[in-house]
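Please read the structure below before turning to the comments.
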Amino acid sequence: MVTRVIKSTRQVVRRKYSGFSLKEAMQLVPQEQFTKWALQAVPLPPSAMLQEIMARFESFDLTGSEPAKIFLIDTVFLEIVPRHPKLKVWKGEPLETDTLSGFADYLIAPKRAYVETPLLCVTEAKKDDFEGGEVQCVAEMVACRWNNEQSGLRAPVHGIVSNGQVWQFYRLSLQNTVDQSRLFTMDALPDLLGALDHVCEECAKVVS
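In case it helps, this note's numbering puts the sequence shown at residues 7 to 214.
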């Protein structure tokens, strides 16, 4: 008797990050609430280059458009990430798990010619929908953790939500808490730069 092996043609449907509610994103952790994160960072004065760029920005309206938001975020990353030679920022990078699918606006990972775990920090750039950015950020941090675990790595994963002017930092800890910082703004630039530098420093510690 010959037994036929019938292979399933059903494909796994991965869920998009943009389709989650906050409740659903937190259930991925799983966690029911944010933990207050008193992010302790030394204020970092802007470099002469950044001061010059910000002075030139005064000739432009940087509050009302998507490109302006991206330009501000890029500028802040350009100021801080090069201070950490082990790190590299990837933009619009695919980020998938066995059940999740989508793209990270910004992804910080080891400085390589290709994206490799550990995936350390995701950033969602949102002009008007800060809450929607928070939801996607939580889900994407879970996706980073999943990818890291597939490589046998356990490390905190960080997240950022920003509209260019306002920034908020998140951390998916090894204790499975979702830590949330206060808001940082471009109006208090040294505090913002210090906070981002602290997050990048923590990320760099994980890279061998």
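In this text, a Cβ means the ideal position worked out from N, Cα and C, and glycines have one as well. Bear in mind that the values here come from a model prediction, so they are computed numbers and not experimental data.
Check: Quick one: is Y120 buried, meaning 16 or more other Cβ sit within 10 Å of its Cβ, or exposed?
Finding: Locating residue 120 in the sequence shown gives position 114, counting from the first residue. Flag for Y120 reads exposed.
Next item on the list: For D197, I'd like the list of residues in its chain whose CB is within less than 7 angstroms of its CB, leaving aside the five on either flank, ordered along the chain.
Entry: Locating residue 197 in the sequence shown gives position 191, counting from the first residue. So the list reads P49 and F190, once near-sequence residues are dropped.
Margin query: So, at 6 angstroms on beta carbons, what are the nonlocal neighbours of I79 in its own chain, with the 5 sequence-adjacent residues on each side left out?
Written below: Taking the sequence shown and counting its residues from 1, one reaches residue 79 at position 73. Only A131, S168 and G170 meet the Cβ criterion.
Next item on the list: Under 8 angstroms Cβ to Cβ from E137, same chain only, skipping five residues before and after it: list those, please.
Entry: Reading the sequence shown from its first residue, position 131 is the one you call residue 137. L28, listed in sequence order.
Check: Quick one, which of D185, E85, L106 and V172 has its alpha-carbon nearest V163's?
Finding: Along the sequence shown, one-based indexing puts residue 163 at 157. It is D185.
Next item on the list: Have a look at W96, I59, Q37 and A145 and flag the residue whose alpha-carbon is nearest the alpha-carbon of A115.
Entry: Counting from one through the sequence shown, the residue named residue 115 turns up at place 109. Comparing Cα positions, the closest option is W96.
Notebook entry, point to check: What's the gap between the Cα of P36 and the Cα of C143?
Noted result: Against the sequence shown, residue 36 aligns to sequence position 30. Against the sequence shown, residue 143 aligns to sequence position 137. Rounded to the nearest whole angstrom, the C-alpha separation of P36 and C143 is 14 angstroms.
Next item on the list: From the DSSP output, in three-state form, read off T9 for me.
Entry: Sequence index remark: in the sequence shown, residue 9 carries index 3 (1-based). Only weak support is given to the placement of T9: the predicted model assigns it a pLDDT of 42, under 50, and the question is left unresolved by the model.
Check: Would the beta-carbon of R160 fall within 8 angstroms of that of L178?
Finding: Taking the first residue of the sequence shown as 1, we reach residue 160 at position 154. Taking the first residue of the sequence shown as 1, we reach residue 178 at position 172. It is not a contact, given that the beta carbons lie outside the stated cut-off.
Next item on the list: Express the C-alpha separation of M32 and L45 in angstroms, rounding to a whole number.
Entry: Stepping through the sequence shown from its first residue, residue 45 is reached at position 39. Stepping through the sequence shown from its first residue, residue 32 is reached at position 26. Distance between the alpha carbons of L45 and M32 is about 21 angstroms.
Note to self: So, at 6 angstroms on beta carbons, what are the nonlocal neighbours of D203 in its own chain, with the 5 sequence-adjacent residues on each side left out?
What the structure shows: Indexing the sequence shown from 1 puts residue 203 at position 197. For D203, where only same-chain residues beyond five positions count, the Cβ hits under 6 angstroms are L50 and I86.
Next item on the list: Just the C-alpha distance for M55 and A61, rounded to the nearest angstrom, thanks.
Entry: Along the sequence shown, one-based indexing puts residue 55 at 49. Along the sequence shown, one-based indexing puts residue 61 at 55. For M55 and A61, the distance between alpha carbons rounds to 10 angstroms.
Notebook entry, point to check: Closest by CA to T123, which one among G139, Q156, F66 and L106?
Noted result: Reading the sequence shown from its first residue, position 117 is the one you call residue 123. Nearest option by C-alpha distance: Q156.
Checklist line | Limits of the alpha helix (DSSP H) - the one that F77 falls within | finding: One-based indexing of the sequence shown puts residue 77 at position 71. Where F77 is concerned, the enclosing alpha helix (DSSP H) stretches over E72 to I86.
Check: By DSSP, does Y120 sit in helix, in strand, or in coil?
Finding: As a position in the sequence shown, residue 120 is number 114, starting the count at 1. DSSP places Y120 in coil when its eight states are reduced to three.
Note to self: Beta-carbon within less than 6 angstroms of A47's beta-carbon, same chain only, minus the 5 sequence neighbours each way: which residues are those?
What the structure shows: For the purposes of this step, residue 47 is taken as the residue at position 41 of the sequence shown. Around A47: G200, A201 and H204.
Next item on the list: Using the Cα positions of E99 and D111, report the straight-line distance between them to the nearest angstrom.
Entry: Residue 99 sits at position 93 when you count from the first residue of the sequence shown. Residue 111 sits at position 105 when you count from the first residue of the sequence shown. About 7 angstroms.
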